[in-house]
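Residue numbers (our numbering): 9 to 428. Presented below is the structure to which this report refers.
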């Protein structure tokens, strides 16, 4: 409230709330176009609140975010659901200076839909990617919003497909909040895409985002993926039944925070990519993921994983990945006061695996257990090249080995690998 009892100048504004709905609201519609119209309207005003009223909104393209925008739904009643996917081969080469693509079948494209051009370079799996929006469809010619700036050639298996994130932003779109909504990737009707190119949420080179009570589910790729993005906060968010990574703090992202989040039924729960530092995962649950609960590796340093439940992940509960050199190791990370149980049953039953030249990791005050079904056999495994690992105050239950130290005898290395 403004204090009118003084003569202070009133120089701050109240944000506009723009309501978008299917049967009511300032703007009305059922798909991405009405949502984008609302976001673009608020951009002109320097930001504001895009209030999305209840309903299932069909996403034929991503919602492109803008600075100082709040996207707010009404919880589980507001669902942004990706439309069924469509993919076709190109019918002729497209060079980097062209803005149209000739395709074998244009039947699945419509004006305004999001698309991804892909070609595979040199037979080694490297992929060239262009993301854009369709502006016209004329026979088998699909017009895009700009020139593609990459060659898409037939010998490199070039394709055009309706692959896109549900929420996205790139390069300098800062200070955004997303609250109280569900993002549904419609996984059964869409092809898989690598999380370095898309996800239910996909962001690059953007800073200071806050996600609260947001669910990303059923995306045929990552749930939340963000690359070179600093100061992201996730509170009470869920990443569920996505094909790849649940939460993907991507390369170079600094100070990500995950509080009271849940990541379940993905390939990995939380995947720290490259050079992710000073992060925090607190009171999170990473369970029933097909590979790892939490994975941390290449120059991911000085992160803390506190009071988390890491359960029933198929290969390893918490994996410290093997670096290619000591310089690239996941050093100075802390795992404390966590519950690590019933992991590794699809591999050798390891709860926490510290591989390669990984240094100065602390594993403290955790409850590490198998609940009686013989799933988790090894509590903590410390690799031969690891050093200065602190294992202190943990409780082990129903395991075949509490701590396995690889290479040499335990007695010979007692001072370095002290299990206090």
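Here a beta-carbon is modelled for each residue, glycine too, at the ideal position from N, C-alpha and C. The structure presented is a predicted model; accordingly, all values stated were derived computationally and were not measured.
Using DSSP with H/G/I as helix, E/B as strand and the rest coil, what is residue 16?
coil
Should the stretch 153-168 be regarded as contacting the stretch 43-56, the criterion being three or more beta carbon pairs within less than 8 Å?
no
On the DSSP bridge list, what partners appear for residue 90?
67
Counting C-beta neighbours from all protein chains within 10 Å, is the total for residue 12 16 or more, i.e. buried, or is it exposed?
exposed
Within the continuous alpha helix (DSSP H) that includes residue 393, where are the two ends?
Premise fails: residue 393 is in no alpha helix (DSSP H) and is neither H nor E.
Could you tell me whether the stretch 190-200 touches the stretch 166-182, where touching means 3 or more Cβ pairs closer than 8 Å?
yes
Buried/exposed call for residue 332, threshold 16 Cβ in 10 Å
exposed
Between the CA atoms of residue 316 and residue 20 - distance to the nearest angstrom:
41 Å
Scan the stretch 115-150 and note each continuous beta strand (DSSP E) run of 3 residues or more that stays entirely inside, going in chain order.
122-129, 134-146
Please list the terminal residues of the continuous beta strand (DSSP E) segment that includes residue 344.
342-344
Taking the straight line between their C-alpha atoms, what separation do you get for residue 327 and residue 334?
17 Å
Out of curiosity, what's the CA-to-CA distance linking residue 254 and residue 322?
15 Å
Segment contact, 8 Å Cβ cut-off, at least three pairs: the stretch 205-219 with the stretch 96-113:
no
Backbone CA spacing between residue 247 and residue 17 [nearest angstrom]:
45 Å
Are there 16 or more other CB atoms within 10 angstroms of the CB of residue 96, so buried, or fewer, so exposed?
buried
Is the Cβ-Cβ distance between residue 294 and residue 301 less than 7 Å?
yes
Our contact map puts residue 310 next to residue 341 with C-beta atoms below 8 Å; I'd like the distance itself, whole angstroms only.
7 Å
With DSSP as the reference, label residue 189 as helix, strand or coil.
strand
Could you tell me whether the Cβ atoms of residue 111 and residue 150 are closer together than 7 Å?
yes
Nearest-angstrom Cα distance between residue 74 and residue 393?
46 Å
Starting from residue 42, trace the alpha helix (DSSP H) both ways and give me its first and last residue.
40-52
Can you give me the C-alpha to C-alpha distance between residue 49 and residue 65, rounded to a whole angstrom?
19 Å
With a 10 Å radius around its C-beta and 16 neighbouring C-beta atoms as the bar for buried, classify residue 272 as buried or exposed.
buried
Return the chain-ordered ranges of every beta strand (DSSP E) run that is complete within the stretch 254-298 and spans a minimum of 3 residues.
265-267, 270-272, 276-279, 288-290, 293-295
With DSSP as the reference, identify every bridge partner of residue 219, one or two as the case may be.
186, 242
Which of the three DSSP states, helix, strand or coil, is assigned to residue 361?
strand
Kindly list the residues whose CB is nearer than 8 Å to the CB of residue 9, restricted to its own chain and excluding five residues on each side of it in sequence; keep chain order.
none
Taking 7 Å as the CB-CB limit, is residue 355 close to chain B?
No chain B is part of this structure, which consists of one protein chain only.
Go through its chain and collect everything with a Cβ distance to residue 199's Cβ below 8 Å, but skip five positions before and after it.
93, 95, 169, 171, 228
Residue 259 versus residue 62: straight-line alpha-carbon distance, rounded
35 Å
Please identify the residue among 154, 369, 320, 44 whose C-alpha is closest to the C-alpha of residue 382.
320
Applying the criterion that 16 or more other CB atoms from any shown protein chain within 10 Å of the CB defines a buried residue, is residue 209 buried or exposed?
buried
DSSP three-state assignment for residue 301, whether helix, strand or coil
strand
I need the straight-line Cα distance from residue 188 to residue 415, nearest angstrom please.
50 Å
With distance defined between alpha-carbon atoms, name the residue in 304, 91, 386 nearest to residue 408.
386
Rounded to a whole number of angstroms, what is the C-alpha to C-alpha distance between residue 388 and residue 358?
7 Å
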